[in-house]
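Quick note on numbering: the UniProt record's numbering labels position 18 of the sequence shown as 18, and the sequence is numbered without any gaps.
Ideal placement from N, C-alpha and C gives every residue a C-beta, glycine not left out.
Quantities reported herein were computed from a predicted structural model and do not represent experimental measurements.
Take a look at the structure below.
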Amino acid sequence: MNPNQDYTSVQPQFTFDLNKNPLFVKDQHNFINVMGVNQLNTLDNISLLDIYLSANNVIEPHYHQNAAELVYCIAGSAVVSILNPFTKQLMHFPITPGQVANVPQGWWHYEVATQNNTHLLAIFNAPTPEVILGSDLLKLTPANIMAHTYGMNETLWTQAVAPVRPNTFIGPPNPWQQVQPGNYGGGYEQ
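Laid out in structure tokens, this is it:
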């Protein structure tokens, strides 16, 4: 029990319909519902994302600055990829129904559905899952800083990240087409 929770001074909530709280909707087959302490005030240091994906859809690269994440596969299958910040090794963990992958707090990671109708549950050890998204890092870091820091052509960098939309959450864009080779280094455009 949360020692800071006073069940006598608030209207305690013990149930919640997760289906009525979307975090992100790409389309009818690719969406994320969210629940944390703001939706269910009796939660004690736990929150979750209810994730639905079609094959080849990606929960974009990101990290959670305030929580570890346990990814549980309910249906379908996915690969959870995690970058170990200590060894710089990118690890890939396929999961199917009943299997889990653990992502330590602050570790860069992403999930790719390998089947249609994939359903994942991401469980966090924090009252609200916080996130830093790859799309936000790419779009919000000034092009001149990226170019100067890495010795790149600023115009080419600007062109390369032009199709990226902040708060992508689920990629690729829908409808999408892959950029032809030679057009600012690959990626996707709408």
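**Study point:** Proximity of S81 and H64 at Cβ, strictly below 7 Å
**Key:** no
**Study point:** Runs of beta strand (DSSP E) lying entirely within the UniProt domain "Cupin type-1" (14 to 158), each at least 3 residues, in chain order
**Key:** 22 to 27, 30 to 35, 47 to 53, 58 to 63, 69 to 75, 78 to 83, 90 to 95, 100 to 103, 109 to 113 and 118 to 124
Review point. Of all the options T15, L156 and Y150, which has the alpha carbon lying nearest to the alpha carbon of T42?
Key: T15
Check your understanding: Can you tell me whether T96 is buried or exposed, with buried defined as 16 or more other CB within 10 angstroms of its CB?
Key -> exposed
Review point. In whole angstroms, what is the alpha-carbon distance linking F31 and A143?
Key: 30 Å
Review point. Between E130, A78 and N38, which lies nearest to V10 when the distance is taken from Cα to Cα?
Key: N38
Exercise for review: Take N102 and list the residues in its own chain whose beta-carbon comes closer than 6 Å to its own, dropping the five residues that flank it on each side.
Suggested key: L70
Check your understanding: Near T87, what residues of its chain come up, given a Cβ to Cβ distance below 6 Å and the 5 sequence neighbours on each side ignored?
Key -> none
Review point. Could you give the C-beta distance for residue 225 and P129, rounded to a whole number, given that I count them as a contact under 8 Å?
Key: Limits of the chain in this structure are 1 at one end and 190 at the other, which puts residue 225 out of reach.
Check your understanding: Once you ignore the five residues that flank V25 on each side, which residues in its own chain have a CB closer than 6 Å to its CB?
Key -> For V25, where only same-chain residues beyond five positions count, the Cβ hits under 6 Å are F31.
Exercise for review: Drop a sphere of 10 angstroms on the beta-carbon of P61, count the other beta-carbons inside from all chains shown, and report buried for 16 or more, exposed for fewer.
Suggested key: buried
Practice item. Compute the Euclidean distance between the alpha carbons of G151 and W157, then round it to the nearest angstrom. Key: 11 Å
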